[in-house]
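Colleague:
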Amino acid sequence: MEGSGAGWLFDGNLGAVRVKSDAYRLAADGAIGYGTGVWGVGVRGSTLAYDEVTSMAHIETAKLDGDAEGWLFLGDGSWTVRPQIRLTVGGASYDSTYTPQAAGAGPWNDQTSWLGRGIAQVGLDWFAGERFSLAAFAGGGLQVEWYDYESAGAGQASLTDDENTTFRGVARLDMRWKALLDVVSLRLHGDASFFKLTRDRFSVTAGSSMNTVDERVVLSQTEVKTRVYVDIDAAQVWGFRPTVHVGADYFRLSGSEGKLSSWVPLAGVGLLRPWQ
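Everything in the sequence shown is counted per my numbering, starting at 1 for the first residue and increasing by one.
1. Can you tell me the Cα-Cα spacing of G70 and R25, whole angstroms?
2. Keeping to the same chain, check which residues put their C-beta closer than 6 Å to that of G116; ignore five residues upstream and five downstream.
3. DSSP three-state call for S262: helix, strand or coil?
4. Distance check for T198 and V218, CA to CA, integer angstroms please.
5. F240 to L14, Cα distance in whole Å?
6. Which partner residues of Q111 appear in the DSSP bridge assignment?
7. Would you list, in sequence order, the uninterrupted alpha helix (DSSP H) runs of no fewer than 4 residues that lie entirely inside the region 5-64?
8. Measure the C-alpha to C-alpha separation of E256 and G141 and round it to an integer number of angstroms.
9. Is Y34 buried or exposed, if buried means 16 or more other CB atoms sit within 10 Å of its CB?
10. Helix, strand or coil, according to DSSP, for D76 in the structure here?
11. With DSSP as the reference, label D231 as helix, strand or coil.
12. Keeping to the same chain, check which residues put their C-beta closer than 6 Å to that of G169; ignore five residues upstream and five downstream.
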């Protein structure tokens, strides 16, 4: 979410992702906010899916995410480069379904992590005239995870009492360029996050260990989100203009037991009302 202007922001996007099983899943996100050019507040949410497919198992995860955010610019409004502080509280859910596809790959299971987080970020905004702006932020905070597990394997039980508090690191980059003034604009967005996620051991080995002993482990999750937006400024009505976007999300789950990673390509359309 940009914070470089004054007034109301609306940003809604709808698209599809192609997961490794060659299926398509809904990808949607939205944000609404209000800013004065000195401070601002906003909320945003998103949904996405990703998976991992091996000869032993198929693991698909549905992700829901939401945040409330406030920011404050420091320094004089005439400065070309201004420091900024952002505070964010939010949460997410990761619902993973593990389906074995070979003997010895472990039991079918469904596991859900509910995450709550509080994040502080600092960064810089560069306003290079009317046509170009760039913002970069980094920070971190605390994350609390509540983990539920349910398995269809013999002798397995539902576990609902796992809880972990860990550090979460984040970084973010936003760029906007009015390529043809009042005709078309280009936006680039990227963010990364690093945190812990509880999963059963088969979720990271994908059943490759050929061992039916099931256990929970705390793993490292890395996520990178990239988007390229084209805003059709010439078609705006009441400040709203259509947009199209492409991008890819990267997910990596790793630990001493092994690692799995997924690239998720996506494309879609949206509607934007920028700050200015």
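The beta carbon of each residue, even a glycine, is placed where N, CA and C say it ideally should be.
Modeller: According to the data block:
1. Counting from one through the sequence shown, the residue named residue 70 turns up at place 70. Counting from one through the sequence shown, the residue named residue 25 turns up at place 25. Cα-Cα distance, rounded: 31 Å.
2. Here the question's residue 116 lines up with position 116 in the sequence shown. Counting only Cβ-Cβ distances below 6 Å, and skipping sequence neighbours, we find G91 and V144.
3. On the sequence shown, residue 262 is found 262 positions in, with the first residue counted as 1. In the structure shown, S262 sits in a strand (DSSP, three-state: E or B).
4. Here the question's residue 218 lines up with position 218 in the sequence shown. Here the question's residue 198 lines up with position 198 in the sequence shown. Going from the Cα of V218 to the Cα of T198 covers about 4 Å.
5. Residue mapping note: residue 240 aligns to position 240 of the sequence shown, counting from 1. Residue mapping note: residue 14 aligns to position 14 of the sequence shown, counting from 1. Those two C-alpha atoms are separated by around 16 Å.
6. Along the sequence shown, one-based indexing puts residue 111 at 111. The partner list for Q111 (beta bridge, DSSP) reads S96 and Y149.
7. none
8. Stepping through the sequence shown from its first residue, residue 256 is reached at position 256. Stepping through the sequence shown from its first residue, residue 141 is reached at position 141. The sequence as given places Ser at residue 256; Glu does not occur at that position. Whole-angstrom Cα-Cα distance: 24 Å.
9. By one-based count along the sequence shown, residue 34 stands at place 34. Taking all protein chains in view, the Cβ of Y34 is surrounded by fewer than 16 other Cβ atoms within 10 Å, so the residue is classified as exposed.
10. Mapped onto the sequence shown, residue 76 falls at position 76. Coil.
11. In the sequence shown, counting from the first residue as 1, residue 231 sits at position 231. Strand, per DSSP.
12. To locate residue 169, count along the sequence shown from 1; it is residue 169. Here the set comprises G140 and F194.
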